[in-house]
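S.K.: Could you have a look at this structure, given as structure tokens, before my questions?
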Amino acid sequence: MASDVSHPENVMAWFIRGNHLAIVTTEGSSSTSTHSKLGDWKAVDSATTDGLLIHYQAEPNSVSAITNTPDVDNTLHSSLVDYVKFRLYQDKAGNSADVNISAISMNLAKTHENKWTESIKRFGSKKRDKVGGDRRIMPPDLR
Amino acid sequence: MAVHTLTVKQIISRVRQVFPNAQENYIMNLVNEAIVELGKYNTKIEYAKASTVADQMWYTLSDDNAGVEINKVFRVDFMDDDGDYIMIPRLLNAQVLKMDIT
Chain X
3 MASDVSHPEN
13 VMAWFIRGNH
23 LAIVTTEGSS
33 STSTHSKLGD
43 WKAVDSATTD
53 GLLIHYQAEP
63 NSVSAITNTP
73 DVDNTLHSSL
83 VDYVKFRLYQ
93 DKAGNSADVN
103 ISAISMNLAK
113 THENKWTESI
123 KRFGSKKRDK
133 VGGDRRIMPP
143 DLR
Chain H
2 MAVHTLTVKQ
12 IISRVRQVFP
22 NAQENYIMNL
32 VNEAIVELGK
42 YNTKIEYAKA
52 STVADQMWYT
62 LSDDNAGVEI
72 NKVFRVDFMD
82 DDGDYIMIPR
92 LLNAQVLKMD
102 IT
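Here the protein sequences line up with chains X and H, keeping their order. Each residue of the first sequence is one higher than the one before, counting from 3 in our numbering. Each residue of the second sequence is one higher than the one before, counting from 2 in our numbering.
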């Protein structure tokens, strides 16, 4: 069922507060009663089935079985190995009674942490970005 | 040509090259931890439809019933009287006079 709003782009807006999405409209009556009049932001006064289409960045799905493939871009899969090794070396450093093993484990943990951080932060946008083609500046046509 | 991906099993076998006794469940927990971290940077774009309720201003985003896990909303469309979804603007100054808390 379509809504009764002919130009939502002119009379409606959205905003976020915490974990909530607000949908407001300026549509209203000619009544002078408090804030129901045309022009004031207020809730929409009609129900519309599937009236909203929300575009969002989603949380990746978690893995629950060893046959699962992680729900992130495949360019980031090898970085997951670095993350796991980083944590396991940290654990080993904490558990070991031998100071030398502990120090070496901490160094290796740091190495894998750096590779992980570099992968997702420094080169992350390059790995995730799907925009292709050369970047160039188009000079204006001065004719 | 198939794209190369790593399954959890392959990740575990790589980790076990250096940690042969690492528990499968523990590695899987660490992988999930890493995935949550990646979620902050990942650009997994999804869409969801929701019905509006008369005189209701607020809609919960991480609604378990709807099965959506939203990180960031970047665009909202509203259905017009032709049944088409039209982009509506984000209200930057969200100081609305009438605040409905239902």
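C-beta: ideal position from N, C-alpha, C; glycine also. Treat the numbers as computed from the prediction; the structure is a model and nothing was measured.
1. Looking at chain X, is there any beta carbon in it that lies within less than 8 Å of the beta carbon of R17 (chain H)?
2. Using a Cβ cut-off of 7 Å, which residues of the segment 83-104 of chain X contact any Cβ in chain H, in chain order?
3. Relative to the C-alpha of I28 (chain H), which candidate in H:N94, H:L98, H:S14 has its C-alpha closest?
4. Just to confirm my understanding: we take V32 (chain H), look at its own chain, exclude 5 residues before and 5 after, and list those with CB closer than 8 Å. What are they?
5. Use the C-beta contact count for T69 (chain X): other C-beta atoms within 10 angstroms, 16 or more gives buried, fewer gives exposed.
6. List the residues of chain H that S31 (chain X) touches, going by C-beta distances under 8 Å, in chain order.
7. Check the Cβ of Q57 (chain H) against every Cβ in chain X and list those closer than 7 Å, keeping chain order.
8. Measuring alpha carbon to alpha carbon, tell me which residue in H:I87, H:M100, H:Q96 is nearest L55 (chain X).
9. With distances taken Cα to Cα, identify the nearest neighbour of L7 (chain H) among X:K87, X:D73, X:R124.
10. Any beta carbon from chain H within less than 8 Å of T113 (chain X)'s own beta carbon?
11. What is the DSSP secondary structure of M88 (chain H), counted as helix, strand or coil?
12. Consider the Cβ of N22 (chain H): report whether some Cβ of chain X lies at a distance smaller than 8 Å.
13. DSSP three-state call for A11 (chain X): helix, strand or coil?
14. State whether the segment 46-65 of chain H contacts the segment 46-65 of chain X, with contact taken as three or more CB pairs (one from each stretch) at a distance under 8 Å.
15. P90 (chain H): which of X:A4, X:D6, X:P10 sits nearest, CA to CA?
16. Relative to the C-alpha of N12 (chain X), which residue among H:D78, H:I36, H:L98, H:K99 is closest?
17. Quick check: what's the CA-CA separation for D136 (chain X) versus S121 (chain X)?
M.R.: Let me lay it out:
1. no
2. V83, Y85, V86, K87, R89, L90
3. H:S14
4. V9, I12
5. exposed
6. Under the 8 Å cutoff, chain H gives no residues; its nearest Cβ is about 13 Å from S31 (chain X).
7. A45
8. H:I87
9. X:D73
10. no
11. strand
12. no
13. Per the sequence shown, residue 11 (chain X) should be read as Glu rather than Ala. DSSP places E11 (chain X) in helix when its eight states are reduced to three.
14. yes
15. X:P10
16. H:D78
17. 23 Å
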